[in-house]
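Encoded as structure tokens, the structure appears first; notes follow it.
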Amino acid sequence: MQPTILLSALLAKHHTKTAKSLCQIFDRHGVKYEFLETKDIWMRDFMPILLDDGRLISYDYDPDYLKDEKYSHLKTKIQPLKEHINLAIDGGNFVRFGGRAIMTDKIFRENPSKTKAEIVETIKQKCALSELIIIPRQPYDMLGHSDAMVRWIDENSVLVNDFSNESKSFNDRLIKTLKKSGLDMKFMKYREGFFTKKRDWGAYLNFIKIKDILIVPIYGIDDDDVALQQIKKFYSDYKVETINLSEIIELGGALHCITAEKFGR
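Given below as structure tokens:
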């Protein structure tokens, strides 16, 4: 079964060209999509998590970066579904393949009344996971999302973003954690000079997978080719499409961030 992709109506309103380009890719591949009325464009963060069996799991969307009253107009309220996790979670901090998922340790900080073991067990049970891998969050990253850091290639291997501009100790901790779970790691590499004050993360990993299609966000720069060569090698079974998402990336997210999924209409 192929999922329907969910987008915010605000994307079409404020980023018309981007929304049109994305819908053209969907139309070309027969991918269904819907626009929903939301309070911001970051669908991934608040929309329910879709499992392989079609179940949707809701959660408490109450991120620390939107706690201030002045941001209340940006917080989309989702009615709890029949299957609900009573934990504060951002959907962008949940990347899953089959029975395994990866989240950053921000999940612990946002749920201080629960023990780490309780949090892990609750998520595993609700999301039908055999393993929940907790990785260190990126230093200085306000969001603390795993979907910009690491993505699954298959159930036993992951593609890890380049954090060479972070501290060696962070890199070491991240690799050690993933290694402990027995994962085969591949690493994205960027040309020297790719990271700048304005471009402080590699958004290429924030792609979406639908059937045998991989849609990769790009910047519209020469470095795109370097990233795409690597992605095509690691995801050789997929048809790779690209979309220039530079105006969204500047806002702090990319393609995985602005989409969510459900099965059926």
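Last residue of the sequence shown: 266 (my numbering), numbering continuous. Ideal placement from N, C-alpha and C gives every residue a C-beta, glycine not left out. In this text, all values refer to a predicted model and were calculated from it rather than measured experimentally.
(1) Mapping the DSSP letters down to three states, classify D46 as helix, strand or coil.
(2) Would you tell me roughly how many angstroms separate the C-alpha atoms of D142 and E122, rounded to the nearest one?
(3) Can you list, in chain order, the residues of its chain whose CB lies under 7 angstroms from that of K107, leaving out five sequence neighbours each side?
(4) Express the C-alpha separation of I209 and F164 in angstroms, rounding to a whole number.
(5) Quick one: is P113 near chain D, going by C-beta distance under 8 angstroms?
(6) What is the rounded straight-line gap between the Cα of A20 and the Cα of I249?
(7) Can you tell which of H257, D225, I79, D201 has the C-alpha that lies nearest to the C-alpha of Y62?
(8) Which one of R56, G254, I259 has the shortest CA to CA distance from A1?
(9) Please report the distance separating the alpha-carbon of F272 from that of D54.
(10) So what does DSSP say about E35, is it helix, strand or coil?
(11) What span of residues does the beta strand (DSSP E) with F264 cover, start to end?
(12) Could you check which residue in H85, I232, F235, Y220 has the C-alpha nearest to that of E251?
(13) On the DSSP bridge list, what partners appear for V227?
(14) Just to confirm before moving on: does the CB-CB distance between M48 and A204 stay below 8 angstroms?
(15) In whole angstroms, what separates the C-alpha of E242 from that of S114?
(16) So, using beta-carbon positions, are L215 and K187 closer together than 8 angstroms?
(17) Which of the three DSSP states is assigned to I90 in this structure?
(18) How long is the line joining the alpha carbons of N207 and N245, rounded to whole angstroms?
(19) List the endpoints of the continuous alpha helix (DSSP H) containing F27.
(20) So within the region 158-194, which uninterrupted alpha helix (DSSP H) runs reach at least 4 residues, ignoring any that extend past its ends?
(21) So for I249, helix, strand or coil by DSSP?
(22) Quick one: give me the first and last residue of the beta strand (DSSP E) that F196 is part of.
(23) So which of C128, G265, V217 has the shortest CA-CA distance to S247?
Taking the coordinates as given:
(1) Here DSSP, grouped into helix, strand and coil, assigns D46 to helix.
(2) Spanning the alpha carbons of D142 and E122 requires a straight line of approximately 26 angstroms.
(3) Counting only Cβ-Cβ distances below 7 angstroms, and skipping sequence neighbours, we find N94, R138, G145.
(4) Approximately 21 angstroms between the Cα atoms of the pair.
(5) This model lacks chain D altogether; it includes just one protein chain.
(6) Going by the C-alpha atoms only, they are around 11 angstroms apart.
(7) For Y62, the closest of H257, D225, I79, D201 by C-alpha to C-alpha distance is I79.
(8) Here the chain comprises residues numbered 2 to 266, so residue 1 is not present and cannot be evaluated.
(9) In this structure the chain extends from 2 to 266, so residue 272 is not present and cannot be described.
(10) Strand.
(11) Start and end: 261-264.
(12) Taking only the C-alpha atoms, the option nearest E251 is Y220.
(13) DSSP lists no partner for V227.
(14) For M48 and A204, no; Cβs fall outside 8 angstroms.
(15) The straight-line gap separating the alpha-carbon atoms of E242 and S114 is approximately 43 angstroms.
(16) In this structure, L215 sits away from K187, with a CB-CB distance that is not shorter than 8 angstroms.
(17) Assigned with DSSP and collapsed to three states, I90 falls in coil, not helix or strand.
(18) Taking the straight line from one Cα to the other gives about 13 angstroms.
(19) In the DSSP assignment, F27 falls within the alpha helix (DSSP H) that extends over 17-29.
(20) Counting only runs that start and end inside the region 158-194, the alpha helix (DSSP H) elements of at least 4 residues fall at 169-181.
(21) Correct three-state label for I249: helix.
(22) No beta strand (DSSP E) holds F196; DSSP gives it neither H nor E.
(23) Considering only alpha carbons, the answer is V217.
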